[in-house]
Amino acid sequence: MKKTIARPATALAAALTLAAGTAASAASVDLTSERPAFARGVDVRFDDGTSARVSATSTKWWNGRTKKAWVGQYRGGFGVSSWMLDDHRVESNWGTDTLWFDFSSAFQPTGVDLTYLSGSAPQTLRVLDGEGNGLGDLRFTANADGTAYVDLLGLNASAGDRFGLAAGDHCTSFKVRGLSGVSAVPTPSAAAAGLALLAAAGLRRRRRHAEAA
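Quick note on numbering: the sequence shown equals residues -26 to -1, 1 to 187 in mature numbering (1 follows the signal peptide of the UniProt record, and there is no 0).
Below, the structure is given as structure tokens:
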């Protein structure tokens, strides 16, 4: 039997080709909805084609335990649902609520639109990385109509495929009605080249296995 040797170089080259051949694309999504709903996860699509799955957790402040929560999707934006009609703000009264965004590709958030804010006093938006580490607490004040736009560029957060938005203190309560950022979208030429390399690698593996049989 002829001995075969694995050759990961072609697959690695294909992966590098796919990774390198990306273009930055401005992306945004409107999370407002007129239809009451709640779910463990909600799939959303940005205007550039990037997709993300939104989920929720709640960390109790008296014992530090984090549990899965329900995503509230009602009029005005996304929040963490308590199963009561339109009562789904991201808040930190009995525990810290967090909305998690898991992206289909690398994404760098640049700003978030908030609504249904609790009063006109300064509030705090906490931004988390995929591991739950704090990237920063951003103070903001509601406009006269109860909305606010929070600029995330000052965080200098690197692009990733997961991050969270949480209430930063007990006085903060909001719904997330929109999110904007920059996504890494593969260019057609790079994607085609990478897929061709992967196909060639697969064909060579099949030939080697046939020769070894």
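Don't be surprised by glycine CBs; every beta carbon is placed ideally from N, CA and C.
Return the Cβ separation of ASP17 and SER(-2) in integer angstroms, given the expectation that the two are a contact with Cβ distance under 8 angstroms.
Locating residue 17 in the sequence shown gives position 43, where the first residue counts as 1. Locating residue -2 in the sequence shown gives position 25, where the first residue counts as 1. Actually they are not in contact, since the Cβ atoms of ASP17 and SER(-2) sit about 19 angstroms apart, beyond 8 angstroms.
For ALA30 versus VAL54, is the C-beta distance shorter than 8 angstroms?
As a working mapping, residue 30 is identified with position 56 in the sequence shown. As a working mapping, residue 54 is identified with position 80 in the sequence shown. For ALA30 and VAL54, yes; Cβs fall inside 8 angstroms.
Can you tell me where the beta strand (DSSP E) with PHE20 in it begins and where it stops?
Counted from its first residue, the sequence shown places residue 20 at position 46. Element bounds for PHE20: n/a, residue is neither H nor E.
So, for GLU8: in the same chain, excluding its five sequence neighbours on each side, which residues have a beta-carbon less than 7 angstroms away from its beta-carbon?
Position 34 of the sequence shown, counted from the first residue, corresponds to residue 8. Around GLU8: ARG49.
Classification of GLU105 by the beta-carbon crowding that lies within 10 angstroms, buried from 16 upward:
Within the sequence shown, numbered from 1, the residue matching residue 105 stands at position 131. Exposed, because fewer than 16 other Cβ atoms sit within 10 Å of the Cβ of GLU105.
How is ALA38 classed by DSSP in three states: helix, strand or coil?
Here the question's residue 38 lines up with position 64 in the sequence shown. The sequence shown places Gly at residue 38, rather than the Ala named in the question. Here GLY38 sits in coil by DSSP.
For ASP125, which residues in the same chain have their Cβ closer than 7 angstroms to its Cβ, ignoring the five residues on either side in sequence?
Here residue 125 is taken as the residue at index 151 of the sequence shown, counted from 1. Cβ neighbours of ASP125 beyond the five flanking positions: GLY85.
What runs of the beta strand (DSSP E), each 3 residues or longer, lie entirely inside the segment 41 to 78?
51 to 55
Just confirm the distance between the C-beta atoms of LEU139 and THR72, as a whole number of angstroms; I'd bet it's less than 8 angstroms.
Reading the sequence shown from its first residue, position 165 is the one you call residue 139. Reading the sequence shown from its first residue, position 98 is the one you call residue 72. Sure, about 7 angstroms apart at Cβ, within 8 angstroms.
Backbone CA spacing between LEU129 and PRO96 [nearest angstrom]
In the sequence shown, the residue the question calls residue 129 occupies position 155. In the sequence shown, the residue the question calls residue 96 occupies position 122. Distance between the alpha carbons of LEU129 and PRO96: 19 angstroms.
Starting from ALA122, follow the beta strand (DSSP E) in both directions and report where the run begins and ends.
Residue numbering aside, residue 122 sits at position 148 when the sequence shown is read from its first letter. It spans 122 to 125 - the beta strand (DSSP E) in which ALA122 sits, taken as one unbroken run.
Below 8 angstroms between beta carbons: does that hold for PHE114 and LEU99?
Position 140 of the sequence shown holds residue 114. Position 125 of the sequence shown holds residue 99. In contact: PHE114 and LEU99 (Cβ atoms closer than 8 angstroms).
Under the three-state DSSP convention, the category GLY128 falls into:
Here residue 128 corresponds to residue number 154 of the sequence shown, with the count starting at 1. Helix.
Check ALA164 in the structure and name its three-state DSSP category.
Numbered from its first residue, the sequence shown carries residue 164 at position 190. Low per-residue confidence applies at ALA164: pLDDT is 48, beneath 50, and the placement is therefore not dependable, though the value from the model is reported in the following sentence. In the structure shown, ALA164 sits in a helix (DSSP, three-state: H, G or I).
Taking the C-alpha atoms as reference points, what is the distance between PRO10 and PRO83?
Along the sequence shown, read from residue 1 onward, the residue named residue 10 stands at position 36. Along the sequence shown, read from residue 1 onward, the residue named residue 83 stands at position 109. Taking the straight line joining both Cα atoms gives about 27 angstroms.
Which one or two residues does DSSP pair with ARG136 in a beta bridge?
Within the sequence shown, numbered from 1, the residue matching residue 136 stands at position 162. Per the DSSP secondary-structure output, ARG136 pairs in a beta bridge with ASP76.
Could you tell me the distance, in whole angstroms, from the CA atom of GLY38 to the CA atom of SER25?
Taking the sequence shown and counting its residues from 1, one reaches residue 38 at position 64. Taking the sequence shown and counting its residues from 1, one reaches residue 25 at position 51. Computed Cα separation, rounded: 31 angstroms.
ALA164 versus SER66: straight-line alpha-carbon distance, rounded
In the sequence shown, residue 164 corresponds to position 190, counting from 1. In the sequence shown, residue 66 corresponds to position 92, counting from 1. Unreliable positioning characterises ALA164 in this predicted model, as indicated by a pLDDT of 48, which lies under 50. A coordinate reading is not provided.
Report yes if the C-beta of VAL16 is less than 7 angstroms from at least one heavy atom of the ligand PLP; otherwise report no.
Ligands displayed in this structure: none; no statement on the ligand PLP is therefore possible.
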